[in-house]
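> Here it is: the structure, laid out below.
Protein chains: 2
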Amino acid sequence: MPAESVPLPAGFSAAGLHCGVKSDPAKRDLALFVSDRPATAAGVFTQNVVVGAPVQVSRERVPTDAARAVVINSGCSNVSTGERGLADARAMTAAVAAALACDEEAVTVCSTGVIGQFLNMNAIRSGLPQVVAGLGDAPDDLRAAAEGMRTTDTFPKLSTRTVGPVRVSGAGKGAAMIAPNMATMLAVVLTDAALAPADADRLLRAAVDRSFNRISVDGHQSTSDTVLLLANGAAGPCDEHAFAAALNDVCEELATDIIRDAEGATHFVTVDVTGLPSDEAATTIARSVADSPLVKTAIHGADPNWGRIISAAGYAGVPFDPGRFDLDVNGHAVCRGGVPTDFDEAIVSEAIRSNRDCTLTLNFHDGPGACRFWTCDLTAEYVRLNADYTT
Amino acid sequence: MPAESVPLPAGFSAAGLHCGVKSDPAKRDLALFVSDRPATAAGVFTQNVVVGAPVQVSRERVPTDAARAVVINSGCSNVSTGERGLADARAMTAAVAAALACDEEAVTVCSTGVIGQFLNMNAIRSGLPQVVAGLGDAPDDLRAAAEGMRTTDTFPKLSTRTVGPVRVSGAGKGAAMIAPNMATMLAVVLTDAALAPADADRLLRAAVDRSFNRISVDGHQSTSDTVLLLANGAAGPCDEHAFAAALNDVCEELATDIIRDAEGATHFVTVDVTGLPSDEAATTIARSVADSPLVKTAIHGADPNWGRIISAAGYAGVPFDPGRFDLDVNGHAVCRGGVPTDFDEAIVSEAIRSNRDCTLTLNFHDGPGACRFWTCDLTAEYVRLNADYTT
Chain A
65 MPAESVPLPA GFSAAGLHCG VKSDPAKRDL ALFVSDRPAT AAGVFTQNVV
115 VGAPVQVSRE RVPTDAARAV VINSGCSNVS TGERGLADAR AMTAAVAAAL
165 ACDEEAVTVC STGVIGQFLN MNAIRSGLPQ VVAGLGDAPD DLRAAAEGMR
215 TTDTFPKLST RTVGPVRVSG AGKGAAMIAP NMATMLAVVL TDAALAPADA
265 DRLLRAAVDR SFNRISVDGH QSTSDTVLLL ANGAAGPCDE HAFAAALNDV
315 CEELATDIIR DAEGATHFVT VDVTGLPSDE AATTIARSVA DSPLVKTAIH
365 GADPNWGRII SAAGYAGVPF DPGRFDLDVN GHAVCRGGVP TDFDEAIVSE
415 AIRSNRDCTL TLNFHDGPGA CRFWTCDLTA EYVRLNADYT T
Chain B
65 MPAESVPLPA GFSAAGLHCG VKSDPAKRDL ALFVSDRPAT AAGVFTQNVV
115 VGAPVQVSRE RVPTDAARAV VINSGCSNVS TGERGLADAR AMTAAVAAAL
165 ACDEEAVTVC STGVIGQFLN MNAIRSGLPQ VVAGLGDAPD DLRAAAEGMR
215 TTDTFPKLST RTVGPVRVSG AGKGAAMIAP NMATMLAVVL TDAALAPADA
265 DRLLRAAVDR SFNRISVDGH QSTSDTVLLL ANGAAGPCDE HAFAAALNDV
315 CEELATDIIR DAEGATHFVT VDVTGLPSDE AATTIARSVA DSPLVKTAIH
365 GADPNWGRII SAAGYAGVPF DPGRFDLDVN GHAVCRGGVP TDFDEAIVSE
415 AIRSNRDCTL TLNFHDGPGA CRFWTCDLTA EYVRLNADYT T
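If you read the sequences in order, they're chains A and B. For the numbering used here, count along the first sequence from 1 and bump the result up by 64. For the numbering used here, count along the second sequence from 1 and bump the result up by 64.
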């Protein structure tokens, strides 16, 4: 579905506008998502030891059954800003709460952008009444809110699914850990399903584990990464299994959109690992392959360099029988039973070069554990973008 | 000391020549290191699950008190070559043992170069008698052996120290995990000190832990990484503390030479971490910073982007107080107590740009644990070299 036509679930409204955190007046930098009634909310936050003020404020406020809104600014991450940063983050939620006539604790906050700078609270304070006044429940309103979350993203990231009368819609941002100083992965998922806080928390963690925790652009985990789920019950209860599938789909689409938008990337890479004793073992190996600069440069060069892939699997810290694994690149068998096939390098190379999507399939033939992981190639353009940003 | 003048310890000889594994006749591809009497030997090998045939053969033969020789070829790593590869690796040691009239078990073997190809044993078999005949104990002989280990290295890596009458000399190779398919870090350290096998093993592991295990070009651990120590006792016993210091120095010089020779790099980066509860915690954080593509691209761009450094520290998995750490870049204080100083970005940027050596100093003020780690910057040239190799 085009981003322009992703609908909001019942009972939600959204808005996004430019308030002045970003210098370019054409760029939105403030977003608001509101439920017209108390909603269940859950959140998953960065595990980084260094976290921004908004993360510190928001993670104390979920899970809850009384959430009303999420307010987000882009252009400044409010990280490494000490007590003043915490006060600013709380002030943002207080202003929204006042406008909505709700408790301050019912509002969560995210910020993304430059770190080590204080928020321009004059801009935020002038923008907040306008963004509240601009709230609407049309797809364009959701899209405007998604725009307000963007930093270096080249497109807004939106996804939606339905389960009977229930709708699940999400907005996300992220395009690698690059500009201004450090970007971030943020996502807000809204649903009109009725969920208890403990269930929302459990289902969101499971969905994040299979989506945002299975992507890697450069292995960096930011100080602000946040995924929030709001469930306001406007459409009533929903079969949990079906809801979980829809939530997983929305999270997966938002997560893979980040990889599709990764800076400088020319390939979207799926790493499929099967045949390990556990999903955890499969995930560890998949992450090691996906994070490898040598694998990522080989794909950029359309080089069917299977030795780099198996060596990255081999140092992941998970034992396996090196005489048993199979490897396929874009469906071409390049390794069977741990030794290379007599594949035609030119054909496999052309299969990589001529397709933006690249799939690495590893089977270790030692159990039911599996993981699908997504990454991108590593290009000179990535280096240029990341080396030349601030100087 | 120039590589041309690094002497062999007493009782050792060496040689290096071209036998035909590499196609270019100007490039040496075979090296031999011999002790004239049984020597204590210890080895440290890659932890990769996938290992080459030479690693499988050699790691069964150390520690020992009866070693006589190390034979090494470059140009083919003999990895992923199955039973035939194992037979070839054993045949190399058998041929050397026959020429030296010693037990086959007294010879260890290393190979480095392309993986997934069988060794050209005709070339090896014709070369081995010549390399034995060419053995000599002059610095030029050691240098020739170091040349025989090279793959993409732009210079041979040699280091030496003395402790009274005892000499410790090492030869190494490595220049990132790049060409032909996957390069490797190899080092052979020779000493005329007398050492028991258990002591040699313990001292080598400690030295490797502080040198080769503290460098990172791209985080890859190859399928062939090997460090061997031979101690023949020709100079008699030696104070263990003094010997350990010399061994550490030689390993550190060989290890940092690999970073100085890293493909495409324009900066040699030292990451100094102090103030953690343990050395292990400090090492984990230092490695996380050193492996970060964002830190490495920032240094390439002379960008004093301290947020990337602290965020890489923050996701290392080691707890610390984010309000207590200090960070210096090339001696300039950029962060104190977890918040940025008002440093002049232009001055710090110029300090990075105009010096090949760059030092990141992190102090967490929470204990005596420390680690010095070495890495290089990430450049577009690295991507070009690694993306464009085989295609």
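Glycine included, every Cβ here is placed at the ideal spot set by N, Cα and C.
(1) Helix, strand or coil, according to DSSP, for A:VAL259 in the structure here?
(2) If distances are taken between C-alpha atoms only, which option among B:THR215, B:VAL230, B:SER342, B:GLY381 comes closest to B:HIS429?
(3) Residues of chain B with CB closer than 7 Å to the CB of A:HIS396, please, in chain order.
(4) Enumerate in chain order the residues of its own chain whose CB-to-CB distance from A:GLN181 is below 7 Å, with the five nearest sequence positions on each side excluded.
(5) Considering only the alpha carbon of each residue, which of B:ASP303, B:GLU304, B:PHE332, B:PHE307 lies closest to B:ILE279?
(6) Looking at C-beta atoms only, is the number of pairs between the segment 306-313 of chain A and the segment 81-90 of chain B that lie closer than 8 Å three or more?
(7) Which of the residues in the segment 103-128 of chain A, read from start to end, lie with their CB under 9 Å from any CB of chain B?
(8) I'd like to know whether the C-beta atoms of B:ALA346 and B:GLY433 end up nearer to each other than 8 Å.
(9) Which runs of the alpha helix (DSSP H), 4 residues or longer, sit entirely within the segment 183-222 of chain B?
(10) With which residues is A:ASN142 paired in a DSSP beta bridge?
(11) Counting only Cβ pairs nearer than 8 Å, list the residues of chain B close to A:ARG448.
(12) Classify A:GLN111: buried if its beta carbon has 16 or more other beta carbons within 10 angstroms, exposed otherwise.
(13) For chain B, check one thing: does any of its Cβ atoms lie closer than 8 Å to the Cβ of A:HIS429?
(14) Given B:ALA163, which residues of its chain have a CB within under 6 Å of its CB, disregarding the five upstream and five downstream residues?
(15) Please state whether DSSP places A:SER77 in a helix, a strand or coil.
(16) Please go through the same chain and pick out, in chain order, the residues whose beta-carbon is closer than 7 Å to the beta-carbon of A:ARG351, but skip the five residues on each side of it.
(17) If B:GLY200 sits next to B:SER77, beta carbons under 8 Å apart, how far is it from one beta carbon to the other, in whole angstroms?
(18) Just checking my contact of B:GLY107 with B:THR172 at CB under 8 Å: how many whole Å lie between their CB atoms?
(19) Going by DSSP, what residues sit across from B:SER177 in a beta bridge?
(20) Any beta carbon of chain A sitting closer than 8 Å to that of B:GLN194?
(21) Counting along the chain, where does the beta strand (DSSP E) carrying A:ASN427 start and finish?
(22) Go ahead and pull the three-state DSSP assignment for B:ASN369.
(23) Taking 8 Å as the threshold (C-beta atoms), are A:LEU442 and B:VAL353 in contact?
(24) Check the DSSP bridge columns for A:CYS24 and list the partner residues they point to.
(25) Is A:ASP274 helix, strand or coil by DSSP?
(26) Can you confirm whether B:ASP367, when its beta carbon is compared against all beta carbons of chain A, has any partner nearer than 8 Å?
(27) Just to confirm my understanding: we take A:PRO301, look at its own chain, exclude 5 residues before and 5 after, and list those with CB closer than 6 Å. What are they?
(28) For A:ARG420 and A:ALA329, what's the separation of their Cα atoms in angstroms?
(29) In chain order, which alpha helix (DSSP H) runs of at least 4 residues are fully inside the segment 323-361 of chain B?
(30) Which residues bound the beta strand (DSSP E) around B:LEU94?
(31) For A:GLY402, return the contacting residues in chain B, with the cut-off set at a CB-CB distance below 7 Å.
(32) In the DSSP assignment, what residue or residues form a beta bridge with B:LEU449?
(33) Taking 8 Å as the cut-off, decide whether the C-beta atoms of A:MET249 and A:SER223 are in contact.
(34) Please go through the same chain and pick out, in chain order, the residues whose beta-carbon is closer than 8 Å to the beta-carbon of A:HIS305, but skip the five residues on each side of it.
(35) Output the distance between the C-alpha atoms of B:PRO357 and A:PRO89, rounded to the nearest integer angstrom.
(36) Using a Cβ distance threshold of 8 Å, determine whether the segment 183-197 of chain B contacts the segment 128-140 of chain B, with at least three qualifying pairs required.
Let me lay it out:
(1) One point to set straight first is that residue 259 of chain A is Leu, not Val, in the sequence displayed. The answer is coil: DSSP assigns A:LEU259 none of H, G, I, E or B.
(2) Minimum Cα distance to B:HIS429 is reached at B:SER342.
(3) By Cβ distance, chain B contributes nothing, its closest Cβ being about 15 Å from A:HIS396, past 7 Å.
(4) Excluding its 5 nearest sequence neighbours in each direction, A:GLN181 has C-beta neighbours in its own chain below 7 Å: CYS140, listed in chain order.
(5) Taking each of B:ASP303, B:GLU304, B:PHE332, B:PHE307 in turn and checking the Cα distance to B:ILE279, the smallest one comes out for B:PHE332.
(6) No: the two stretches stay apart, fewer than three of their Cβ pairs being nearer than 8 Å.
(7) Residues of the segment 103-128 of chain A with a C-beta atom less than 9 Å from some C-beta of chain B are THR110, GLN111, ASN112, VAL113, VAL114, VAL115, listed in chain order.
(8) In this structure, B:ALA346 sits near B:GLY433, with a CB-CB distance shorter than 8 Å.
(9) Taking only runs of at least 4 residues, the alpha helix (DSSP H) segments lying wholly in the segment 183-222 of chain B are 185-197, 203-213.
(10) In the DSSP secondary-structure assignment, A:ASN142 is not bridged to any residue.
(11) Simply ALA444.
(12) A:GLN111 sits exposed, since fewer than 16 C-beta atoms from the chains shown fall within 10 Å of its C-beta.
(13) It does not; no Cβ of chain B falls within 8 Å.
(14) VAL196, listed in sequence order.
(15) In this structure, A:SER77 counts as strand in the three-state DSSP scheme.
(16) Closer than 7 Å at Cβ, skipping near neighbours: SER280, PHE437.
(17) So it is a contact: roughly 6 Å between Cβ atoms.
(18) About 7 Å; that satisfies the 8 Å criterion.
(19) Just to set this straight, residue 177 of chain B is Gly in the shown sequence, not Ser. Answer is B:GLY139, bridged to B:GLY177.
(20) In terms of beta-carbon proximity, B:GLN194 stays away from the interface with chain A, with every pair separated by 8 Å or more.
(21) Secondary structure note for A:ASN427: its beta strand (DSSP E) is the uninterrupted segment 421-427.
(22) Of the three classes helix, strand and coil, the one that applies to B:ASN369 here is coil, per DSSP.
(23) Not closer than 8 Å, so no.
(24) In the structure as shown, chain A begins at 65 and stops at 455. Residue 24 of chain A is therefore absent and cannot be evaluated.
(25) In the sequence on display, residue 274 of chain A carries Arg and not Asp. In the three-state reduction of the DSSP assignment, A:ARG274 falls in the coil class, being assigned neither a helical nor a strand state.
(26) Flagged as an interface residue toward chain A: B:ASP367, by a C-beta distance shorter than 8 Å.
(27) Same-chain partners within the cutoff: ALA258.
(28) Going from the Cα of A:ARG420 to the Cα of A:ALA329 covers about 10 Å.
(29) Correct list: 343-355.
(30) Element bounds for B:LEU94: 94-109.
(31) Result: SER144.
(32) Paired residue(s): none; B:LEU449 is not in a bridge.
(33) A distance of 8 Å or more separates the beta carbons of A:MET249 and A:SER223.
(34) In its own chain, leaving out the 5 sequence neighbours on each side, no residue places its CB closer than 8 Å to the CB of A:HIS305.
(35) Using only the alpha carbons, I get a separation of about 32 Å.
(36) Short answer: they touch.
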